[in-house]
Each structure stands twice: as structure tokens, then as C-alpha cells.
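First the structure, in the form of C-alpha cells, and then the observations on it.
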Amino acid sequence: MPNAILDPTGATRRASKPAAARAARRPSLAGARVGLLINTKQNARPFLLEVGRLLHEEHGAASVTQRTKLNFAVPEPGEVVKEMAAAVDVIVTGVGDCGSCSAAAAADGVVFEAAGVPAAVIVTDSFRATATAMASLRGAPGYQYATTAHPVAVLTEEQVRERAAAVIGDVIALLTEPEPGE
Amino acid sequence: MTEAAPAGQAAPVGQAGAVAGQAPELDPDGAQAAIEFCFEQGWSDGLPLVPASQPLVEAFLATTGRDPQQVIGALEQVGRDCTVYLAAVNAAMAGCRPEYFPVVLAAFDALMRERAARGGGFQSTSGPAPLIIVNGPVRRELGFNTGGGSFGPGFRPNMTIPRAIGLIVRNAFGIHPHVLEQATQGVPGRWLICVAENEEESPWGPLAADAGVGDGVSAVSCTLTRTMEFIDNRHTPNPEDVLRDIADSVGRLGPQIFPQTPVALVLCPEHAQMFADAGMSKADVQDWLIGHSGRTAGELRRAGKGGVLHFPGPDDGSVPAQEFHRVLSEHRQIPVIVAGARTAAISMVARIFGEWSGQAVPVDEWR
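Chains as they are written, first to last, in the numbering used here: chain G, 108 to 289; chain L, 108 to 474.
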């Protein structure tokens with residue numbers, strides 16, 4: 108009997124990740140406190156600020172607060188999540204437009220959901236695979252997020268506003284609609 | 108009696124093609140099937156792997172006193188880690204010999220001390236490569252190439268040790284291309300860059316000594332690099348000419364996205380000796396390049412990179428166009444290594460992804 112070929116991935120010693128909880132949805136954003144988690148990538152700030160402005164002025168959100176991610180490349184520390192989750196009703200985060208930051212945005216979204224806060228994650232369409240993979244790793248296979256065309260970093264102020272307006276319907280749907288089967 | 112093949116033609120397939128001295132029990136068909144199995148599992152970086160078996164991995168584990176289940180590195184963002192055992196399996200698959208294993212462990216330790224490696228570097232669009240530098244007697248003991256072709260192929264430890272690190276990232280951390288690994292183009296030779304410093308022909312102390320490890324101690328340093336650019340300057344007797352040439356590459360616009368742009372300067376022995384003969388220490392070379400490497404604000408703006416001047420804020424135009432923007436400010440941002448042969452005056456500037464931690468890991472810590 109020849110020797111077995113050994114597995115280099117360590118799959119046998121890893122327990123599968125328990126399913127991450129998804130926050131309950133509210134019927135609309137009327138009166139909601141919106142938290143923006145800005146990842147510092149070029150144009151992420153004006154993009155999210157415009158999303159926040161639209162949610163406040165046109166969709167009834169009560170307030171918009173913003174916070175800057177400490178490091179765009181990795182998920183936000185637990186204490187930041189806890190503070191934000193206590194202060195807002197919904198989260199919008201992004202814009203994930205690179206390998207590490209799109210994955211981190213998806214991971215942040217899953218963590219906020221588990222903390223009871225509906226989250227809308229925005230990544231550029233080049234990074235669907237990495238956002239989807241990261242959500243699965245975090246126990247949320249099939250996690251839904253919003254996309255906008257890549258690239259975002261080169262857009263003018265006017266183009267950023269247009270992009271924000273184009274994605275606002277998806278953001279609202281992510282924050283208010285139950286997932287199929289819920 | 109068989110006829111000899113005509114000149115210029117391959118020998119016929121069959122016994123005539125067998126290699127003299129080959130042990131009769133070697134089984135190429137079984138080896139090929141095992142290699143294909145490894146490809147099918149998704150374990151490979153695209154090249155054939157050595158199928159790892161328990162006796163082989165035990166030979167690796169016997170070279171270190173560490174507990175096989177000790178966790179030696181983790182990527183928190185993906186919830187994965189690597190144990191001594193998994194590192195051994197991947198090192199075996201990469202084609203390392205068992206006695207390389209303490210160097211693999213030291214190299215992985217050095218890499219994971221880099222903030223950029225822990226913080227998303229393996230997922231980055233820039234697709235950076237570990238640049239592994241080996242110092243001390245272990246270079247000779249294991250047969251590292253310390254001479255010509257220092258970045259190139261031909262030497263088993265130089266090639267298989269960085270490959271082992273790449274396989275650990277792929278298999279233990281689960282970072283696969285097109286999924287969590289999102290390199291736009293990546294770096295040529297990613298997972299294949301391991302330089303043994305040419306200490307014998309360097310006029311200065313080894314890199315590990317700059318990192319605080321004693322001279323003559325076997326040690327490994329590591330940083331992530333985004334690419335390399337050569338400086339071919341072999342016709343001037345004037346060291347300042349060569350420094351100006353190097354500074355031009357160090358300070359060029361392409362790599363500039365942040366206010367500082369660290370590099371590793373891999374000097375050929377001829378350039379290093381020229382500087383030393385002119386009375387320059389390593390620190391003198393570093394100081395000269397810190398003072399002269401960069402571009403003017405106007406040049407940055409013409410390339411659409413005025414944002415570098417006020418990062419992370421936008422360029423407000425307050426820096427005069429003629430003002431020189433230096434890309435380096437301290438020695439740690441420009442480690443100097445001497446590598447290659449004394450055959451031509453060709454040096455290399457390696458772009459550091461993020462910044463080097465300034466650390467070296469003694470190999471004995473992993474024995």
C-alpha cells in the first residue's frame with residue numbers, strides 16, 4: 108500500500124464557519140439614522156456622502172453620520188463596529204475598488220448584519236468575485252451587495268453624483284427588503 | 108545490435124533513452140499520476156508539485172523543535188492560519204529539501220512581520236512578491252546561489268523556498284487568483300524571489316546586521332516588492348554619476364502613489380565596491396539617495412499625481428511647481444543589499460510594497 112498524498116490546505120482541522128445572522132429589515136428608511144463607513148479610497152468619500160444626502164433629503168432618513176475606516180484593506184475592529192451599531196440604524200460602506208478593500212467591505216457588511224444593523228456594501232463590478240468569496244468565508248454565502256462600474260477613482264465630482272444616484276435604488280433595497288425566503 | 112541515431116536526431120523512445128545510473132525501482136508513471144492528482148485538487152501554483160507523503164513531511168518536521176500544531180501565522184481577515192505542519196507539507200510540495208525547512212519557517216516569520224503582508228497584501232491589485240534576503244553561513248550550508256544570476260533560476264534553495272511561501276499563502280491561507288487574490292498584472296517571478304547576499308564581495312556588513320542580527324549569524328529578512336528596475340551603468344569612473352543614475356530610477360513617477368516610495372537597493376558588487384572605494388558607507392549611499400531621489404511638484408502634476416503632495420487630501424496647488432518632492436526620508440526606507448556577480452556594473456531597484464519592517468529573523472530561532 109503506497110503512502111497517502113497529504114493535503115496542504117488544512118481543511119480537515121477547520122470547522123465550517125457558522126452561518127452569520129442577517130439583521131431584521133425595516134419597512135422603509137423613514138426616520139432611520141444612517142451611518143456611512145468610508146474606506147478612504149479615491150472618491151469613496153464624495154460617493155458615500157452623496158448617497159447619504161439622497162437618503163436624507165429624498166428618502167426620509169433622519170440623520171447621516173460618517174466615519175472613516177482605520178485601514179481600508181482589512182475589516183474594521185470589533186469596537187468600531189460596536190460603537191457604530193449602537194449609534195445608527197443602517198450602514199452604507201464602500202467603495203470597494205481593490206482586492207483587499209472590496210473583501211474588507213463585504214466582511215464589514217456581514218459583521219454589521221450580525222450586530223443587528225442592516226448594511227449596504229458598495230463595490231465596483233470588477234470585484235464581485237472577491238466580495239462574494241469573503242462573505243462566504245464570513246459565514247454569509249450568497250450575501251447581497253450593490254455594485255457600480257469600475258473604475259470610480261477617476262470620476263469627476265459630477266460623475267460621482269451620477270453614480271451615487273444610479274446605485275441609490277439598490278442601496279435602499281438592500282437596507283429594507285427581506286431576502287427571498289425570509 | 109541497434110543502429111545509432113543519425114546526428115541531430117533524438118534517440119529512439121525506449122531503453123535507449125534511459126539515464127545512466129537511474130535506480131530501477133523509480134516509477135515515472137506513478138510519479139506522473141500523483142502530480143496530476145495534486146493539480147486536480149487545486150493545490151498547485153501552475154507548476155508540478157512534489158506529492159507530499161507522511162515520511163517526507165516527517166523529515167521536514169525533524170529539522171525543527173517546534174510543535175507541528177503551533178500556529179505560525181494567521182490572516183485574520185480570511186479566518187485562516189498556518190501551522191508548522193502545514194508549512195512542512197507545502198514546503199515539501201514546493202520541492203524543498205527537508206534541511207531547508209528552518210529557512211522556510213524563518214522566511215515566513217519575516218514575511219508575516221510585515222504589516223503589508225498581514226494587512227491585505229496577498230489580496231492586492233498590485234500583486235506584490237515577497238523579496239526574501241538570506242544572510243550568514245546557511246547560504247553555503249544549503250547551497251544557495253550567492254553569485255551571478257542572483258534573482259534567476261538554477262539553484263534549488265533560491266527557487267523552492269519562496270515557492271513554499273507562495274504555496275502556504277495559496278493553500279493554508281486560501282488566497283487564490285481571481286478570487287481573494289486580485290492582482291491586476293502582478294509581479295514577474297512572484298513567489299520565486301530569494302536572494303542570498305554576496306557577503307564575500309560586499310564591502311559592507313550584511314543586511315541582517317543592519318536589522319540588528321549579529322554579523323555571521325544565519326538570518327532571513329523579507330519585504331514585499333512590486334517590481335524591479337535595473338540600472339546599467341558601467342562606463343563612468345565617477346560614483347556620483349552612478350548615484351545620480353540610481354536616484355533617477357528611485358525617484359521616477361510611475362510608482363508614486365503615496366508621499367513616500369520605499370525601495371530596496373540591490374547593488375552589484377562592482378557598484379558597491381566603487382562607492383566603498385570612494386569612502387562611502389552604506390549609510391552615506393542611503394543619505395545621498397534620500398537627498399536626491401524624487402521629482403518636482405510640477406512633474407508630479409503633469410502626470411496627474413499632484414495628490415501625492417498632500418496625501419490623503421487633494422492637491423491644493425500650494426506647493427510651487429519647481430519644489431522638489433523627495434520620495435524617501437529615512438534609512439529604513441532604502442535597505443541596501445549586495446548581490447550578483449562582479450561581471451558588470453548592473454544594479455537593481457526593487458519597489459517595496461508598503462514599508463520594510465527593518466527586521467531579520469535568525470534561522471536558529473526556527474530549528
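The C-beta atom is built at its ideal place from N, Cα and C for all residues, glycine as well.
For residue i, the three-state DSSP class (helix, strand or coil)
{"i": "Phe-508 (chain L)", "result": "Because chain L in this structure spans residues 108 to 474, residue 508 (chain L) falls outside the shown range and cannot be described."}
{"i": "Glu-110 (chain L)", "result": "Since pLDDT at Glu-110 (chain L) reaches only 47, below the 50 mark, its modelled position is unreliable, and no value is offered."}
{"i": "Glu-472 (chain L)", "result": "helix"}
{"i": "Asn-242 (chain L)", "result": "strand"}
{"i": "Phe-215 (chain L)", "result": "helix"}
{"i": "Glu-462 (chain L)", "result": "coil"}
{"i": "Met-191 (chain G)", "result": "helix"}
{"i": "Phe-144 (chain L)", "result": "helix"}
{"i": "Val-178 (chain L)", "result": "strand"}
{"i": "Asp-152 (chain L)", "result": "coil"}
{"i": "Pro-376 (chain L)", "result": "helix"}
{"i": "Ala-131 (chain G)", "result": "coil"}
{"i": "Ile-49 (chain G)", "result": "Residue 49 (chain G) lies beyond the residue range present for chain G, which begins at 108 and ends at 289; the question has no answer from this structure."}
{"i": "Gly-115 (chain L)", "result": "Its pLDDT being 45, under 50, Gly-115 (chain L) is placed unreliably by the model, and the measurement read from it follows with that caveat. Residue state, collapsed to three classes: coil."}
{"i": "Phe-418 (chain L)", "result": "coil"}
{"i": "Ala-467 (chain L)", "result": "strand"}
{"i": "Gly-411 (chain L)", "result": "coil"}
Residues near residue i in its chain [Cβ-Cβ closer than 6 Å; skip 5 each side]
{"i": "Pro-244 (chain L)", "result": "Ser-325"}
{"i": "Gly-115 (chain L)", "result": "Summary for Gly-115 (chain L): the model assigns pLDDT 45, below 50, so the residue's position carries little reliability; its value from the coordinates is reported in the next sentence. Around Gly-115 (chain L): no qualifying Cβ."}
{"i": "Asp-152 (chain L)", "result": "Gly-273"}
{"i": "Ala-247 (chain G)", "result": "Ala-127 and Val-217"}
{"i": "Ser-257 (chain L)", "result": "Val-302, Ala-446 and Gly-447"}
{"i": "Val-196 (chain L)", "result": "Ala-159 and Val-164"}
{"i": "Asp-277 (chain G)", "result": "Ala-253"}
Closest by C-alpha distance to residue i, when choosing among the options
{"i": "Ala-192 (chain G)", "options": "G:Arg-174, G:Cys-208 and G:Ser-207", "result": "G:Arg-174"}
{"i": "Val-191 (chain L)", "options": "L:Glu-183, L:Pro-442 and L:Ala-214", "result": "L:Ala-214"}
{"i": "Arg-311 (chain G)", "options": "G:Ala-226, G:Thr-263 and G:Arg-235", "result": "Chain G is shown only over 108 to 289; residue 311 (chain G) falls outside these bounds and no answer can be derived."}
{"i": "Gly-321 (chain L)", "options": "L:Gln-466, L:Gln-292, L:Arg-173 and L:Ile-272", "result": "L:Gln-466"}
{"i": "Gln-176 (chain L)", "options": "L:Ser-233, L:Cys-189, L:His-378 and L:Val-185", "result": "L:Cys-189"}
{"i": "Ile-72 (chain L)", "options": "L:Ser-356, L:Pro-344 and L:Val-196", "result": "Not covered by the structure: residue 72 (chain L). The range shown for chain L is 108 to 474."}
{"i": "Arg-277 (chain L)", "options": "G:Pro-109, G:Ile-112, G:Asn-110 and G:Ala-118", "result": "G:Ala-118"}
{"i": "Lys-124 (chain G)", "options": "G:Thr-239, G:Thr-237, G:Ser-243 and G:Thr-254", "result": "G:Ser-243"}
{"i": "Asn-242 (chain L)", "options": "L:Leu-182, L:Met-335, L:Val-210 and L:Gln-289", "result": "L:Val-210"}
{"i": "Asn-146 (chain G)", "options": "G:Ala-260, G:Glu-165 and G:Arg-160", "result": "G:Ala-260"}
{"i": "Val-443 (chain L)", "options": "L:Val-468, L:His-378 and L:Gly-405", "result": "L:His-378"}
{"i": "Ala-354 (chain L)", "options": "L:Gly-424, L:Gly-405, L:His-399 and L:Val-185", "result": "L:His-399"}
Chain-order list of residues whose beta-carbon lies under 7 Å from that of residue i (same chain, five-residue window excluded)
{"i": "Glu-264 (chain G)", "result": "Pro-153"}
{"i": "Gly-180 (chain L)", "result": "Asp-188, Cys-189, Phe-215 and Met-219"}
{"i": "Ala-194 (chain L)", "result": "Ile-179, Val-211, Leu-212, Phe-215 and Ile-275"}
Cβ neighbours of residue i in the same chain (closer than 8 Å, five flanking residues each side left out)
{"i": "Gln-251 (chain G)", "result": "Leu-281 and Glu-286"}
{"i": "Gly-167 (chain G)", "result": "Ser-135, Leu-136, Ala-137, Gly-138 and Ala-139"}
{"i": "Val-188 (chain G)", "result": "Asp-215, Val-218, Phe-219 and Ala-222"}
{"i": "Phe-418 (chain L)", "result": "Phe-365 and Pro-366"}
{"i": "Thr-170 (chain L)", "result": "Pro-205, Glu-206, Phe-208, Pro-209 and Arg-474"}
Exercise for the section: Select from the stretch 187-216 of chain G all residues with a C-beta closer than 8 Å to any C-beta belonging to chain L, and list them in chain order. Expected result: Cys-205, Gly-206, Ser-207, Cys-208, Ser-209, Ala-210, Ala-211 and Ala-214
Exercise for the section: State whether the stretch 233-242 of chain L contacts the stretch 288-303 of chain L, with contact taken as three or more CB pairs (one from each stretch) at a distance under 8 Å. Expected result: yes
Handout entry: Inter-stretch contact (C-beta, 8 Å, three-pair minimum) for the stretch 409-419 of chain L and the stretch 449-457 of chain L
Key = no
Handout entry: Stretch-stretch touch, CB-based, cutoff 8 Å, three pairs: the stretch 199-211 of chain L with the stretch 271-288 of chain L
Key = yes
Exercise for the section: Assess, as a yes-or-no matter, whether the stretch 428-445 of chain L is touched by the stretch 381-396 of chain L under the definition of 3 or more beta carbon pairs within less than 8 Å. Expected result: Segments in contact, yes.
Exercise for the section: Evaluate the contact criterion for the stretch 327-334 of chain L versus the stretch 278-291 of chain L: three or more CB pairs, one atom per stretch, below 8 Å. Expected result: The stretch 327-334 of chain L makes no contact with the stretch 278-291 of chain L; the number of CB pairs closer than 8 Å stays below 3.
Practice task
Tell me, please, whether the stretch 252-271 of chain L touches the stretch 139-149 of chain L by the rule of three or more beta-carbon pairs shorter than 8 Å.
Solution key: no
Problem - Short-range partners of chain L found in the stretch 232-244 of chain G, where Cβ spacing is below 9 Å - result: Taken in chain order, the members of the stretch 232-244 of chain G whose beta-carbon sits within less than 9 Å of a beta-carbon on chain L are Ser-233, Phe-234, Ala-236, Thr-237, Thr-239, Ala-240, Met-241 and Leu-244.
Exercise for the section: Scan the stretch 197-222 of chain L for residues whose Cβ lies nearer than 9 Å to a Cβ of chain G and list them as they occur along the chain. Expected result: Asn-197, Ala-199 and Met-200
Exercise for the section: Mind checking the stretch 229-260 of chain L against chain G and listing, in chain order, the residues whose C-beta falls within less than 7 Å of any C-beta there? Expected result: Flagged, chain order: Gln-230, Ser-231 and Thr-232.
Problem - the stretch 156-172 of chain G / the stretch 246-256 of chain L touching (three or more Cβ pairs under 8 Å) - result: no
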